[in-house]
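In the working numbering, the protein residues as written are 1129 to 1251. Using N, Cα and C, we set each Cβ at its ideal position, and we do this for glycine too.
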Amino acid sequence: MPVIRIYMRKKRAIIFYAFSILLLAGFFKIALAQKLEANPVVLGVLLSDLDQRGSEERDWFLKIAEKLSVQLVIKDALTSQGLQIAQAEELINQGIKLLLINPCNPDQARRIVENAHKKGVIV
1129 MPVIRIYMRK
1139 KRAIIFYAFS
1149 ILLLAGFFKI
1159 ALAQKLEANP
1169 VVLGVLLSDL
1179 DQRGSEERDW
1189 FLKIAEKLSV
1199 QLVIKDALTS
1209 QGLQIAQAEE
1219 LINQGIKLLL
1229 INPCNPDQAR
1239 RIVENAHKKG
1249 VIV
């Protein structure tokens, strides 16, 4: 009989600890969600042109952002490298954390990347 009591105590303890871990994990998930709502992660996307491919990329980025619960700011440069540089500076100054670039001119993209890195933005 004492063996059965010990087994039942261990079983109850295991169930209690498993439930506690699940409960704590739930609280951490809720706390993280509230933190993200208070300080949302903002990602920037610079597209050279919203042609058919650009539209498909935009839709894909929006789906991913929704799944990750992040804010996404998408800019269309209309194939103008000057406009794309200005848009990049605007996004960087808004405090984005990550910048994705589909450059109008790959040589000019270096300037955007260097500026972003100086401000701590991942490109």
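* Please list, in chain order, all residues of the same chain as Cys1232 whose beta carbon is under 6 Å from its beta carbon, the five residues on each side excluded. => Take Cys1232, set aside five residues on each side of it, and the residues of its chain with a beta-carbon closer than 6 Å to its own are Ser1176, Ala1205, Thr1207, Gln1209 and Gln1212, in chain order.
* How close, in whole Å, do the beta carbons of Ala1244 and Ile1220 come, if the pair is a contact with beta carbons under 8 Å? -> Contact between Ala1244 and Ile1220 holds: their C-beta atoms lie close to 6 Å from each other, under 8 Å.
* Helix, strand or coil: which one does DSSP assign to Ile1213? -> Helix at Ile1213.
* Measure the alpha-carbon distance for Lys1203 versus Lys1246 and round it to whole angstroms. => 21 Å
* **Helix, strand or coil at Gly1172 according to DSSP, with G and I counted as helix** => In this structure, Gly1172 counts as strand in the three-state DSSP scheme.
* Nearest-angstrom beta carbon gap, Val1170 and Gly1223 [assumed within contact, 8 Å] -> 7 Å
* To do: Kindly give me the distance between the Cβ atoms of Leu1228 and Val1249, rounded to whole angstroms, as I take these residues to be in contact under 8 Å.
  => Not a contact, Cβ separation roughly 11 Å.
* Between which two residues does the beta strand (DSSP E) harbouring Leu1200 extend? -> Gln1199 to Asp1204
* To do: Could you check if Leu1196 is buried or exposed, using at least 16 other CB atoms within 10 Å of its CB as the buried criterion?
  => Classification for Leu1196: exposed.
* Would you tell me roughly how many angstroms separate the C-alpha atoms of Val1173 and Ala1193, rounded to the nearest one? => 11 Å
* Asked: Between which two residues does the alpha helix (DSSP H) containing Ile1250 stretch?
  -> It is not in any alpha helix (DSSP H) - Ile1250 carries neither H nor E in the DSSP assignment.
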